[in-house]
Amino acid sequence: MTDKSKPASARPVRVGMISLGCAKNLVDAEIMLGSLLKSGAEITNDPAAADAVIVNTCSFIDAAQEESVDAILDSAAVREANHRGQALIVSGCLSQRFREELPKLLPEVDAFMGIDQVAQVGELVKEAMARRREKLNLQRSTSNAQRSKKKVQAQLADLDKTKPSAHADDESLRGKDAFGKTKTVLSRVTEHATRNTPSTPLLDVTARPIYIPDYETPRFRLTPRQFAYVKIAEGCNHPCSFCIIPRMRGSHRSRTQADIVAEAKALIKDGVKELNLISQDSTYYGLDLRKNHSRAISSPEKFRAAASSLPADATTLCSLLRELNALKGDFWIRLLYTHPAHWTDELIRTIGECPKVARYVDMPLQHIHDDMLARMRRETSGQYIRDLIARIRAGVPGIALRTTFIVGFPGETAAAFDTLLDFIRETKFERLGIFSYSQEDGTIAGKMTSQLSDKVKQRRRELAMAAQHEVARAVSESFVGRTLKVLIEGSAREQQLQQAKVLSWEHGLLREGETPNSKLQTQNFLVARGEADAPDIDGRVYVRGKLPVGGFARVRVIGHTDYDLMAEPV
44 MTDKSKPASA RPVRVGMISL GCAKNLVDAE IMLGSLLKSG AEITNDPAAA DAVIVNTCSF
104 IDAAQEESVD AILDSAAVRE ANHRGQALIV SGCLSQRFRE ELPKLLPEVD AFMGIDQVAQ
164 VGELVKEAMA RRREKLNLQR STSNAQRSKK KVQAQLADLD KTKPSAHADD ESLRGKDAFG
224 KTKTVLSRVT EHATRNTPST PLLDVTARPI YIPDYETPRF RLTPRQFAYV KIAEGCNHPC
284 SFCIIPRMRG SHRSRTQADI VAEAKALIKD GVKELNLISQ DSTYYGLDLR KNHSRAISSP
344 EKFRAAASSL PADATTLCSL LRELNALKGD FWIRLLYTHP AHWTDELIRT IGECPKVARY
404 VDMPLQHIHD DMLARMRRET SGQYIRDLIA RIRAGVPGIA LRTTFIVGFP GETAAAFDTL
464 LDFIRETKFE RLGIFSYSQE DGTIAGKMTS QLSDKVKQRR RELAMAAQHE VARAVSESFV
524 GRTLKVLIEG SAREQQLQQA KVLSWEHGLL REGETPNSKL QTQNFLVARG EADAPDIDGR
584 VYVRGKLPVG GFARVRVIGH TDYDLMAEPV
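With our numbering applied, the sequence shown closes on residue 613, and no number is skipped along the way.
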C-alpha cells in the first residue's frame, strides 16, 4: 500500500490551505503552516488527498469578502465530488467579522477559527476532522455546496448592517485591481473557546483578538528565500470611517523589539536579503508599550506629544530601525503600512541615517481635500500632508513615495476630486494606487448620505489612474542611464514580459529590417526589484543577462515601459 493510499489513521494528517488577502494574512498562514508541521501534519496542494482544507479568509472590502465566500463554497464542492470525509476549516478575518453568524450561514464548514487561534491550528484540525466524521454519521445527506454564492454574500451584507460601526484604520489599501484576486494555494512541503454539538461547526473565535506572534512561534515561510515579511505589530487604534479592521483585528499591540531583532537575525542567517516590516500601522510601533499608555493619540499633535515624552531608551519605530540597521549582513529593510499622522522628524532623520533602510516609504494618504479627509476621519489636513511630503523628500533625498487614494467617497464633489487630480500631477508620487470607494456595512462611511454611483466612482478611478500614468512614465524615464542596486528574483516568465511590454520596448531597439523573434528576445531576461519596488505591488526591473538569483547586483538602466525598467548588468 502506497503512503498516499494509506488510511488517515496510519499516516500523518494531510492539510491543504488557501490563503487570501494581504501580507499580514500571509504571515498568519505561515504561522499556521509552521504549527501544523510541528504537530506532525503534512501539507499538500492536492485537494483530493487532503484530510482537511483551511481557507484563510479576507473580509476587508466586498470584493475580498466575495472571494472568501467563493473559496469556501468551491472547496466544499470539491470535497463533495472527491472526498466527503474531508474537514473544511475557515480562518482569518471573515471568521472574526461574522463569528456569531457564520456557523448558521455556512453549515458546510466544520470549524471556524480566529486570529488568536492560529498557533493552535493543529489541535483544531483534529477536532474538525472528528466533527466531520460525526456529521457524516448523523446526516447521511447531500451537501449544500452548490448553494448560491451571491445569496450567501447578500446574507453577510444584511447581517453586517445590524452591527455597530467600527472604530478603524485603513489596512493599507493596495490600490490595485487584483485585490479581489489574491488566492494563494500552498504547495506541498517536506519539512479556548466555545465547543458546539457535533452536528454544528466548531467555533473557536475570540470576540476581540489579543494575539501577537513571537520569535518562538513556529512558522513556515511562503515567500521566496530572498525576502520575508516581518510582522512588528497587530491591530489598529485609528478611527477611519471607511474601515472595519479594528473590529476584526483588535487594538494595536506591538511585539517587543528584542523579539523582532531575534527573528531578523535568523532570517538574515537563512539568506534573506530584504526584511519587509508590516503591521496595520507601523509608525505607531512601540507607543503602546509605554507605561499607562492611552490609545487616544491618533492625531499628529497628540502623537508628537506622546513620542516626545518617552524616555531615551523607549521602544519606537526609530529604535527598531536603528538596531536592525546595525545587524551584520547585506540586506534591505523596507517600511510598509505607515500612517501620515504618526511621522516625526526623528523618523525622517533615522531613515536618512540608516543605509540599510530602503529609500522607500509606503504611506496611504486616501485623499488631499480637507473635507474628504475630515469625512474619512484621517486626522490629517491637506496642508499637513503637503508639508510632511516636503520634509520627507528633503530629509531623505531620492526616496520613493508610495501612496494610495480613495475616489468616490461619500460626499466627494467634482471640485474635491479635481483637487486630488491636481495633487497627483503636482506631487509626482513614484508609486501610486487608486481604490474606488467600497461601501462597507458596519462602518461609519457605509451609513453616510451622498453615496456616489458605481459609474461615477469607476470614472474617477480611471481619470486618476490616467493622471498617474503620465507621472509614472516620466518617473521611469528619469531612471534611464542610472546605475541601480537590485535584488535578483529569478528568470522572467513569458507572461511577466508580456504584461510589462518588454518585447515592444526591445523591438524598438532592433536595427531597421530585423525581424523580432520572441523566443530569442525573451530567453535571457531576469526579473529584479530596486529599492523603489516592494514585493507584489510595485514595478520591476527586467535585466537582460545572467546574474546569480537571490542576491544583489548592480545594473544599468537602458530603457523603460510605463511602470517597469529595462537594464543590463554593469
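We put the CB at the ideal spot given by N, CA and C, even for glycine.
Note that the coordinates shown come from a computational prediction; the quantities given were computed from them, not determined experimentally.
Same chain, Cβ closer than 8 Å to residue i, five either side skipped, listed in chain order
i           : result
residue 595 : 316, 373, 528, 529, 530 and 531
residue 58  : 79, 84, 85, 86, 87, 93, 94, 95, 96, 97 and 168
residue 348 : 340
residue 118 : 61, 90, 96, 98 and 131
residue 472 : 444, 445, 446, 511 and 514
residue 526 : 597, 598, 599, 600 and 613
residue 176 : 128
Buried versus exposed call for residue i [16 or more other C-beta atoms within 10 Å across all chains shown]
i           : result
residue 603 : buried
residue 319 : buried
residue 426 : exposed
residue 230 : Any answer about residue 230 is weak, because its pLDDT of 38 lies below 50 and its placement is not dependable; what the coordinates show is given next. Counting Cβ neighbours within 10 Å, residue 230 comes out exposed, since fewer than 16 surround it.
residue 180 : exposed
residue 606 : buried
residue 110 : buried
residue 281 : buried
residue 575 : buried
residue 493 : exposed
residue 53  : exposed
residue 600 : buried
residue 421 : buried
residue 610 : buried
residue 591 : exposed
residue 500 : buried
residue 462 : buried
residue 178 : buried
residue 509 : exposed
residue 456 : exposed
Contact under 8 Å by Cβ, residue i with residue j
i           : j           : result
residue 613 : residue 597 : yes
residue 125 : residue 173 : no
residue 258 : residue 306 : yes
residue 381 : residue 294 : no
residue 570 : residue 538 : no
residue 74  : residue 154 : no
residue 142 : residue 246 : yes
residue 63  : residue 107 : yes
residue 360 : residue 390 : yes
residue 370 : residue 275 : no
residue 496 : residue 104 : no
residue 287 : residue 140 : yes
residue 402 : residue 442 : yes
residue 418 : residue 454 : yes
residue 448 : residue 409 : yes
residue 243 : residue 146 : yes
residue 582 : residue 608 : yes
residue 352 : residue 328 : no
residue 622 : residue 577 : Because the chain spans 44 through 613 in this model, residue 622 falls outside it and cannot be assessed.
residue 584 : residue 593 : no
Nonlocal neighbours in the same chain, by C-beta distance under 7 Å from residue i, ignoring five residues either side
i           : result
residue 346 : 340, 384 and 385
residue 413 : 424 and 425
residue 159 : 249, 252, 253 and 254
residue 392 : 438
residue 342 : 384 and 422
residue 522 : 600, 603 and 608
Proximal residues to residue i (C-beta, below 6 Å), its chain only, five neighbours per side dropped
i           : result
residue 445 : 405 and 474
residue 300 : 358 and 363
residue 504 : 450, 477 and 479
residue 397 : 364 and 368
residue 112 : 192, 195 and 196
residue 304 : 366
residue 507 : 450 and 477
Checklist line | Complete beta strand (DSSP E) runs within the stretch 112–194 (minimum length 3 residues, chain order) | finding: Complete beta strand (DSSP E) runs here, min 3: 130–135 and 154–156.
Check: Are the stretch 489–507 and the stretch 433–442 in contact at 8 Å, needing three or more beta carbon pairs?
Finding: Contact between the stretch 489–507 and the stretch 433–442 is absent, because fewer than three Cβ pairs lie under 8 Å.
Check: Would the stretch 77–89 and the stretch 143–155 be scored as touching if the rule is three or more Cβ pairs under 8 Å?
Finding: no
Note to self: Give the list of continuous beta strand (DSSP E) stretches no shorter than 3 residues that lie fully inside the stretch 270–354.
What the structure shows: 270–274 and 317–321
Check: For the 8 Å Cβ check, are there 3 or more pairs between the stretch 127–146 and the stretch 512–519?
Finding: no
Checklist line | Ranges of the beta strand (DSSP E) found wholly within the stretch 474–533, counting only runs of at least 3 | finding: 474–479
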